[in-house]
Amino acid sequence: MAETDQAPPPSDQLAAMNLTDTVEKHAFSDRVLIRSVVGRPDGGAGLAGQRVRAGGWVKTGREQGKGTFAFLELNDGSCPANLQVIVDAGLAVLSKLVATGTCVVVDGILKVPPEGTRQKIELRVEKVVSVGEVDPAKYPIPKTKLTLEFLRDHLHLRARTNTIAAIARIRNALAFATHSFFQEHNFLYVHTPILTTSDCEGAGEMFQVTTLISESEKLEKELIKSPPPSEVDIEAARQVVSERGEAVKQLKAAKASKSEITASVAELNKAKENLSKLEERSKLKPGIPKKDGKIDYTQDFFARQAFLTVSGQLQVETYACAVSNVYTFGPTFRAEHSHTSRHLAEFWMVEPEIAFADLQDDMNCAEAYVKYMCNWLLDKCLDDMQFMAKSYDKGCIDRLRMVASIPFVRISYTEAVELLEEAVKGGKKFENEVKWGIDLASEHERYLTEVKFQKPVIVYNYPKGIKAFYMRLNDDLKTVAAMDVLVPKVGELIGGSQREERYEVIRERILEVGLPLEPYEWYLDLRRYGTVKHCGFGLGFERMILFATGIENIRDVIPFPRYPGRADL
Numbered sequence: 001m002a003e004t005d006q007a008p009p010p011s012d013q014l015a016a017m018n019l020t021d022t023v024e025k026h027a028f029s030d031r032v033l034i035r036s037v038v039g040r041p042d043g044g045a046g047l048a049g050q051r052v053r054a055g056g057w058v059k060t061g062r063e064q065g066k067g068t069f070a071f072l073e074l075n076d077g078s079c080p081a082n083l084q085v086i087v088d089a090g091l092a093v094l095s096k097l098v099a100t101g102t103c104v105v106v107d108g109i110l111k112v113p114p115e116g117t118r119q120k121i122e123l124r125v126e127k128v129v130s131v132g133e134v135d136p137a138k139y140p141i142p143k144t145k146l147t148l149e150f151l152r153d154h155l156h157l158r159a160r161t162n163t164i165a166a167i168a169r170i171r172n173a174l175a176f177a178t179h180s181f182f183q184e185h186n187f188l189y190v191h192t193p194i195l196t197t198s199d200c201e202g203a204g205e206m207f208q209v210t211t212l213i214s215e216s217e218k219l220e221k222e223l224i225k226s227p228p229p230s231e232v233d234i235e236a237a238r239q240v241v242s243e244r245g246e247a248v249k250q251l252k253a254a255k256a257s258k259s260e261i262t263a264s265v266a267e268l269n270k271a272k273e274n275l276s277k278l279e280e281r282s283k284l285k286p287g288i289p290k291k292d293g294k295i296d297y298t299q300d301f302f303a304r305q306a307f308l309t310v311s312g313q314l315q316v317e318t319y320a321c322a323v324s325n326v327y328t329f330g331p332t333f334r335a336e337h338s339h340t341s342r343h344l345a346e347f348w349m350v351e352p353e354i355a356f357a358d359l360q361d362d363m364n365c366a367e368a369y370v371k372y373m374c375n376w377l378l379d380k381c382l383d384d385m386q387f388m389a390k391s392y393d394k395g396c397i398d399r400l401r402m403v404a405s406i407p408f409v410r411i412s413y414t415e416a417v418e419l420l421e422e423a424v425k426g427g428k429k430f431e432n433e434v435k436w437g438i439d440l441a442s443e444h445e446r447y448l449t450e451v452k453f454q455k456p457v458i459v460y461n462y463p464k465g466i467k468a469f470y471m472r473l474n475d476d477l478k479t480v481a482a483m484d485v486l487v488p489k490v491g492e493l494i495g496g497s498q499r500e501e502r503y504e505v506i507r508e509r510i511l512e513v514g515l516p517l518e519p520y521e522w523y524l525d526l527r528r529y530g531t532v533k534h535c536g537f538g539l540g541f542e543r544m545i546l547f548a549t550g551i552e553n554i555r556d557v558i559p560f561p562r563y564p565g566r567a568d569l
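Mapping to the UniProt record's numbering: the sequence shown position 78 is 78, numbers consecutive.
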């Protein structure tokens, strides 16, 4: 589909608009939002006769009537639908208006178009206020069919396409829904650090943050410009100190005046200070500082190794163990050299944490949250979802409705493996072997949710060997109180668990998985002092957008994707 094709007309569910015969200006601009015109249930027809100022970018433009007037399809990003604008040749040079990508601001009167046309309202221009011209020969986002792969090479302009703009509005709606859900349920929003010294997953695939490299490069340049002192220089400085010291001694022995002795002592101190600086500078060596053959991180900015966070969970637990219900929502990072359509180096996570709650409560919260987001999109973003259904995934709206309306299936990990083994016996072929103890692959997860149950599935009580140290050990000593929410289209959407609140057990688990205790002493303190039963989960925000829209590649649902080899803008 061409990126500039007209989006479907807004549905009646956009009726939360002003139905009076006036259209309000944007609160912080001298124009009206196109959505406030064409987004009404009547398509804007009730506004006929209103004079308005509209601004936006030309999606399509064409001169008509032998160049006497032009039709422009104008979009300002407030909704997927365009406003049709008619400009007479007497008002502007039409050839400068019709190119795709041109930005125009116009004043005019809203009129009902002739019967039989698709539009319910159009704007007859009375004045062209401003024009941001485009050279069609150079503009990289033309009025032709463009692949999402192509658009990734033009991140700074791709939001002007129907698809990326629709995804941006859907992403915005899901972020709003996230905050609304947790605020309505009395959760406190906590900002967890981007820079951390803890590895939540124990995976080791973390981006390191250091100033040692830049500092060593700076030092190398400085040493070239001003070489360190030689041994001869230092010896000469020592000699000066010795001479100045001897001079002070002689003045004191001769019972010289106080002012003479004071002046001589000052010269001695100055010589000592110079020697100290020379000795310190002589120790400077190019390269990254090392101690005992290893990088000396005590010389680094934080005096220890630091990383970009892979999760805010451990930190947000400190607040859960004080103010009960909390959540964090922010960027996380993984230095995984993966080029799949499901991986990013920078992605966003929603991570709630609930005190005085167990695994059942965790599953209930996760299910309610996912349903809430689905309903939010159906209620507030249906026009964009209709565009996605028309352009990419005709089943995306039905999928949202299904997930929003039916209870999620809940099965144990052991039951899930048994179902997968039955499928294999029945002739189903999986690339990854099925046996108890494996980490379920995406193909296993999608079989359960798309084929076996055809609805969302929560799998719980996983083997401890494939889960993180902080998950609560079950009484069987083989499994932990973990759960994953699996949904059609993407497989795992949420991963969570009841946290291990018993001090001795979690201490043993940290050692068992080969992590040092020292960096986690603060985490252990939460169990030493006033420990509490608590649970939480993490939702991959981009995965939720993939699930909602049907878009195939995760790089297309985040504004500025970062992945191996690419970090544009």
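Idealized CB from N, CA, C, for every residue including glycine.
So, at 6 angstroms on beta carbons, what are the nonlocal neighbours of Ala92 in its own chain, with the 5 sequence-adjacent residues on each side left out? Val128
Entirely enclosed alpha helix (DSSP H) segments - the stretch 217-253, minimum 4 residues: 231-253
Does the Cβ of Arg499 have 16 or more other Cβ atoms within 10 Å, making it buried, or fewer, making it exposed? buried
Could you pull out every unbroken beta strand (DSSP E) segment of at least 3 residues lying fully inside the stretch 461-498, listed in chain order? 479-487 and 491-498
Would you mind reading off the limits of the beta strand (DSSP E) that contains Ala416? Per DSSP, Ala416 belongs to no beta strand (DSSP E); it is in the alpha helix (DSSP H), Tyr413 to Lys425.
Mark Arg472 as exposed unless 16 or more other C-beta atoms lie within 10 angstroms of its C-beta, in which case mark it buried. buried
Classify Leu511: buried if its beta carbon has 16 or more other beta carbons within 10 angstroms, exposed otherwise. exposed
Per DSSP, the bridge partner or partners of Ala70: Glu63 and Val87
In three-state terms, what does DSSP make of Pro519? helix
Whole-angstrom distance between Arg543 and Asn553, CA atom to CA atom: 10 angstroms
Could you spell out where the beta strand (DSSP E) holding Asp292 opens and where it closes? Per DSSP, Asp292 belongs to no beta strand (DSSP E) and is neither H nor E.
For the alpha helix (DSSP H) containing Asp383, list its first residue and its last residue. Leu382 to Ser391
Outcome for Ser391 when other beta-carbon atoms lying within 10 angstroms are tallied against a minimum of 16: buried
Which value, in whole angstroms, describes the spacing of the CA atoms of Glu445 and Met363? 17 angstroms
Suppose the cutoff is 6 angstroms on Cβ atoms and the five residues either side in sequence are ignored; what does the same chain contact list for Ile109 look like? Arg51 and Arg124
Using CA coordinates, which residue listed in Ile167, Asp107 and Arg304 is at the minimum distance from Leu382? Ile167
Can you tell me whether DSSP reads Phe347 as helix, strand or coil? strand
Under 7 angstroms between C-beta atoms of Val131 and Val98: no
Name the residue from Leu524, Cys79, Ile261 and Gly56 whose alpha carbon lies nearest to the alpha carbon of Leu72. Gly56
On the three-state DSSP scale, how would you describe Ser130? strand
Should the stretch 351-359 be called in touch with the stretch 387-407, which here means at least 3 C-beta pairs below 8 angstroms? no
Give the DSSP-derived three-state secondary structure of Ala355 in the structure shown. strand
Where Val52 sits in the DSSP three-state scheme: strand
Using only CA atoms, which one of Arg304, Arg555, Val37 and Pro331 lies nearest to Val209? Arg304
The beta strand (DSSP E) with Ile109 in it runs from where to where? Cys103 to Lys111
Quick check: the stretch 362-376 against the stretch 398-408, are there 3 or more CB pairs under 8 angstroms? yes
List the whole-angstrom C-beta distance separating Arg152 from Pro561, where the pair is believed to meet the contact cut-off of C-beta under 8 angstroms. 7 angstroms
Extent of the continuous beta strand (DSSP E) to which Thr328 belongs: Asn325 to Phe333
At a Cβ threshold of 7 angstroms, is Gln183 touching chain B? In the structure shown, chain B does not exist; there is a single protein chain.
Just list the beta strand (DSSP E) runs in the stretch 131-163, keeping only unbroken ones of 3 residues or longer that don't cross its boundaries, in chain order. none
Considering only the alpha carbon of each residue, which of Gly77, Leu517, Glu24 and Gln299 lies closest to residue 638? Coverage of the chain is limited to positions 1 through 569, which leaves residue 638 absent and any answer about it impossible.
Provide the residue(s) that pair with Gly538 in DSSP beta bridges, ordered along the chain. Gly495
Using 8 angstroms for Cβ pairs, my map puts Tyr369 next to Tyr189. What's the rounded Cβ distance? Not a contact, Cβ separation roughly 14 angstroms.
Examine the Cβ distances between the stretch 217-226 and the stretch 275-290 and report whether three or more of them are shorter than 8 angstroms. yes
Just the C-alpha distance for Pro559 and Arg160, rounded to the nearest angstrom, thanks. 12 angstroms
Using CA coordinates, which residue listed in Ile411, Met206, Arg509 and Asp484 is at the minimum distance from His337? Met206
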